[in-house]
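J.: Just so you know, the sequence shown maps onto residues 831 to 1272 in the numbering used here.
Structure below; questions to follow.
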Amino acid sequence: MQEERLTIDLYELTMADSYWRRGMNRPAVFELFVRPPVPNRRFLVAAGIEAAIDYLAGLRFDAAQLDYLRSLGLFSAGFLDYLAGFAFSGEVWAVDEGELVFPGEPILYVRAPRIEAQIVETYLLNVVNFHTLIASKAARIRLAAGAASLADFSPRRDHGPGAALGVAYASYLAGFGGTSNVAAGLKWGIPVIGTMAHSYVMSFPDELEAFRAFAADHDRPVLLIDTYDTLRGAERALVVARELREAGRSLAGVRIDSGDLPTLTRRVRRLFDEAGFPEVQIFISGDLDEYRIQAFLAAGGVADGYGVGTRLGTSYDLPALGGVYKLVEDESGPRAKKSPGKRTLPGRKQVWRRQEGDGWRDVLALADEEQAGRPLLRRRLVGVRRQKEAEPLEQARRRVTAALAELPEDLRVIAHEARPGYPVELSPALAALARQVENAGD
């Protein structure tokens, strides 16, 4: 959307105008990372990288936007003329979409003329923070659910239609099987999933008639059985399952959205199994997340799939991610922030990862250092030219699936209690540079 081009905090533009007036537009490096510690997260799934690159490659300012900026009375005519001819001319290094990362590690960095690097800060933080937040939550739900199917049921509680699209994308990236959001299906080809609402059942004289009508109108239906009484609803669904079998069709499943889910799912499973319908699947929903799925399974619940809504779309236990975008290098050399509790590490960096026994070892090094393992950051954009085509969503999704399968056991733990963060090491050269900058004058 056109408005996205002005997803810029005002102070970035006022600073940029000051830089322009003073001739301060030499190359600078800004690094985007999530500040540690991150509560309740043992790892993060980097996401929003492709959207960030698309934004940078396409960023221009049209006449209407420039007229608006001029109307604010804040900017010099020369700076507005500069924006009129704006096109990104720097470079971006970033991890791959769906790469597992840890707090303190750069997800991307921008090396560009200072004004360019400065004014893109807000959009990059917005898109990477949100998508990474949701993808990380979804990956934890994926781990808790095991082999069961997962569907994003969050749009009605997400923070706006744009957020709902982002949740559908990020959750599918992290291993969900689909979404209820039809717009996301159109945009990315994500499978769309849905059953029925209680209002449908209540719109008919009785529950059995509602089930029969829905089954007549849709192939392989899933029936919502808890509108009135779940076990009676299951018995009526069984009547429909028998009728469909006689007609050469089948009932795909039933969904339960409320009640004592562990007990109800066991009883419903027994009902269908004993009646000779083991293929009928049980889906549950109702304010689920990784913690509640874990508790459901620990209590003996049985389910073939989960619909996850509010607690996914709002990342209920961690509603915001502390991603920051900091200057780490300019024409005068490495830069670092020294504020207590918010210190940063100087210089352009690379992350190196290698397998060690049953675990991983990540080393954060200077960009020109060689370390053992594989480098996570790759050059993705030079000027407005991608260094390779944007990869399909399915390819990035496979990357997440493979990474979660390889995730060391101690990082798979899902718990509320505080645990030590993943120990990202500093290379000797980076540690020495950090000490040097720390001891230098302001």
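Beta carbons are placed, not taken as given, at the ideal position from N, Cα and C, and that holds for glycine.
Here the structure is a predicted model, which means the values were calculated and not measured.
F909 and D847: beta carbons closer than 8 Å?
T.: yes
J.: Would you give the residue range spanned by the beta strand (DSSP E) that E1186 belongs to?
T.: 1179-1186
J.: If you measure between the beta carbons of Q1124 and I964, is that distance less than 8 Å?
T.: In this structure, I964 does not lie closer than 8 Å to Q1124 by Cβ.
J.: Go through its chain and collect everything with a Cβ distance to Y885's Cβ below 6 Å, but skip five positions before and after it.
T.: The answer, listed in chain order, is Y953.
J.: Out of P1176, G1063, D1049, state which residue places its alpha-carbon closest to the alpha-carbon of D1036.
T.: G1063
J.: Here's the rule: buried if 16 or more other CB atoms are within 10 angstroms of the residue's CB, otherwise exposed. What is K967?
T.: buried
J.: Apart from the five residues on each side of it in sequence, which residues of its chain come closer than 7 Å, Cβ to Cβ, to I1278?
T.: There is simply no residue 1278 to check, as the chain begins at 831 and stops at 1272 in what is shown.
J.: Rounded to whole angstroms, what is the Cα-Cα separation between F1041 and A1077?
T.: F1041 and A1077 have their C-alpha atoms spaced approximately 15 Å apart.
J.: Taking a contact to mean a Cβ-Cβ separation below 8 Å, would you say R872 touches Y1252 in this structure?
T.: yes
J.: Are there 16 or more other CB atoms within 10 angstroms of the CB of S1169, so buried, or fewer, so exposed?
T.: exposed
J.: In the DSSP assignment, find the unbroken beta strand (DSSP E) run with P936 in it and report its ends.
T.: 936-943
J.: Look at the alpha carbon of E1219 and the alpha carbon of V1212, and state the distance between them as a whole number of angstroms.
T.: 13 Å
J.: Is it right to say G1083 is buried, meaning 16 or more other beta carbons lie within 10 angstroms of its own, or is it exposed?
T.: buried
J.: I need the boundaries of the beta strand (DSSP E) containing P1092, first residue and last residue.
T.: P1092 -> not in any beta strand (DSSP E); alpha helix (DSSP H) instead, spanning 1091-1104.
J.: Going by C-alpha distance, which of L1223, E1161, L1151, W1182 is nearest N870?
T.: L1151
J.: Using only the alpha-carbon positions, how far apart do M831 and L1206 sit?
T.: Here the model assigns M831 a pLDDT of 49, short of 50, so the residue's position is not dependable, and the following value carries that caveat. Rounded to the nearest angstrom, the two C-alpha atoms are 31 Å apart.
J.: Give me the Cα-Cα distance between E1159 and V1181, rounded to the nearest whole angstrom.
T.: Between the alpha carbons of E1159 and V1181 lies a gap of roughly 17 Å.
J.: With a threshold of 8 Å, are at least 3 pairs of Cβ atoms found where one atom belongs to the segment 1004-1023 and the other to the segment 900-914?
T.: Here the segment 1004-1023 does not lie against the segment 900-914, with fewer than 3 beta-carbon pairs under 8 Å apart.
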